[in-house]
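Numbering (UniProt numbering), first residue to last: 1 to 232. Glycine residues also receive a C-beta, built at the ideal position from the N, C-alpha and C atoms. This structure is a prediction, so every number in the text was calculated from the model and none was measured. Report on one structure; see the data block that follows.
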Amino acid sequence: MTCEYASCDGAYVLGALSPTERLEFEEHLTRCDDCSRSVRELAGVPGLLAQVGPDDLLPVPPVPRTLLPGLVADVRHQQRRRTVVVAGLAASVAALTVSAAALGLAALGDGTAPDPGVAVPPVATSPVPSLPMTAVGRVPVEADLQLESVAWGTRIEVTCTYEQEAGHTLAYEPEYALVVRREGGATERVATWRGLPGRTMHLSAATATGRGDIESVEMRSEDGTTLLRLTI
């Protein structure tokens with residue numbers, strides 16, 4: 001039997017799911033070996049896509065007229081199926097809420113009442129902290145990283161700010177790479193991009209390496225010089 005989430009792996013790795021869909025799919029990954037294996041196999045795709053330039057792309061053939069209606073029909077089918085799943089989850093939550101209320105009333109009937117002076121704090125999800133990278137020498141860029149452990153490895157969010165100083169000349173081309181160094185010394189390049197002087201930019205990267213196995217993350221110039229480093 002095909003898993004109903006089988007088509008979500010690629011969109012999840014590329015960050016194309018909505019926050020609600022992402023949380024739903026990550027919860028599904030904890031109990032589905034097939035989807036977890038598929039996500040691990042696709043974890044390196046964002047890094048590979050970042051290395052593809054316009055010159056590497058093949059000419060795109062004309063789009064058949066039947067393609068768009070077929071895609072629309074498929075998307076509507078997926079939305080209807082997801083709506084049924086969400087409705088079922090909502091019904092389950094409602095049933096649990098009613099059961100909890102009934103238990104609370106039963107406790108009150110036995111003479112046990114909650115202390116009105118005790119406030120119950122709401123349950124909140126802790127945000128992923130931003131970690132500043134340390135400059136190696138004098139470099140015209142600053143960066144913060146967010147490393148989030150997920151079922152298939154580690155998601156990395158990067159925020160870069162580039163200086164634009166009058167008369168400042170770079171000793172290298174403004175092309176950067178993000179490199180993950182694992183415990184033991186092995187390295188993996190997970191993203192490449194070009195800097196934008198005087199601008200702040202955000203990008204996403206991913207690795208199948210677990211967060212606990214990452215020794216450091218480095219930002220390097222095109223010639224391999226390490227500019228910034230975050231030691232985990």
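Closest to residue i by CA distance: which of the options is it?
{"i": "Asp34", "options": "Ala6, Leu17 and Arg194", "result": "Ala6"}
{"i": "Val150", "options": "Cys3, Glu4 and Ala205", "result": "Ala205"}
{"i": "Tyr176", "options": "Gly184, Gln146, Trp152 and Pro140", "result": "Pro140"}
{"i": "Leu227", "options": "Val136, Ser18, Glu21 and Ala16", "result": "Val136"}
{"i": "Pro174", "options": "Thr231, Thr161 and Arg194", "result": "Arg194"}
{"i": "Glu188", "options": "Gly224, Ala16, Glu142 and Cys160", "result": "Gly224"}
{"i": "Thr231", "options": "Gly15, Gly198 and Gln146", "result": "Gln146"}
{"i": "Glu142", "options": "Val128, Gly198 and Pro129", "result": "Gly198"}
{"i": "Leu42", "options": "Asp213, Gly15, Asp144 and Glu21", "result": "Gly15"}
Applying the criterion that 16 or more other CB atoms from any shown protein chain within 10 Å of the CB defines a buried residue, is residue i buried or exposed?
{"i": "His168", "result": "Per-residue confidence for His168 stands at a pLDDT of 48, beneath the threshold of 50, marking its modelled position as unreliable; no derived number is given."}
{"i": "Arg37", "result": "exposed"}
{"i": "Pro46", "result": "buried"}
{"i": "Ala171", "result": "Interpretation of Ala171 is limited by its pLDDT of 47, a score under 50 that renders its predicted location unreliable; the figure taken from the coordinates is listed afterwards. Exposed is the call here."}
{"i": "residue 240", "result": "Only positions 1 to 232 of the chain appear in this structure, which leaves residue 240 out of reach."}
{"i": "Leu29", "result": "buried"}
What would DSSP say about residue i, mapped onto helix, strand or coil?
{"i": "Asp9", "result": "helix"}
{"i": "Arg40", "result": "helix"}
{"i": "Glu4", "result": "coil"}
{"i": "Glu142", "result": "strand"}
{"i": "Arg199", "result": "coil"}
{"i": "Pro174", "result": "coil"}
{"i": "Cys32", "result": "coil"}
{"i": "Leu227", "result": "strand"}
{"i": "Leu23", "result": "helix"}
{"i": "Gly153", "result": "strand"}
{"i": "Val179", "result": "strand"}
{"i": "Pro127", "result": "coil"}
{"i": "Val136", "result": "coil"}
If you check the beta carbons only, do residue i and residue j fall under 8 Å apart?
{"i": "Ala229", "j": "Glu218", "result": "For clarity, residue 229 is Arg in the given sequence; the question names Ala instead. Contact: yes."}
{"i": "Gly153", "j": "Arg40", "result": "yes"}
{"i": "Thr200", "j": "Thr161", "result": "yes"}
Compute the beta-carbon to beta-carbon distance between residue i and residue j, rounded to the nearest angstrom, for a pair I have assumed lies under 8 Å.
{"i": "Ala208", "j": "Gly44", "result": "7 Å"}
{"i": "Leu178", "j": "Val158", "result": "6 Å"}
{"i": "Glu163", "j": "Arg155", "result": "Not quite, the Cβ-Cβ distance comes to about 28 Å (not below 8 Å), so this is no contact."}
{"i": "Ser216", "j": "Arg181", "result": "5 Å"}
{"i": "Cys32", "j": "Cys3", "result": "6 Å"}
{"i": "Leu203", "j": "Ala191", "result": "6 Å"}
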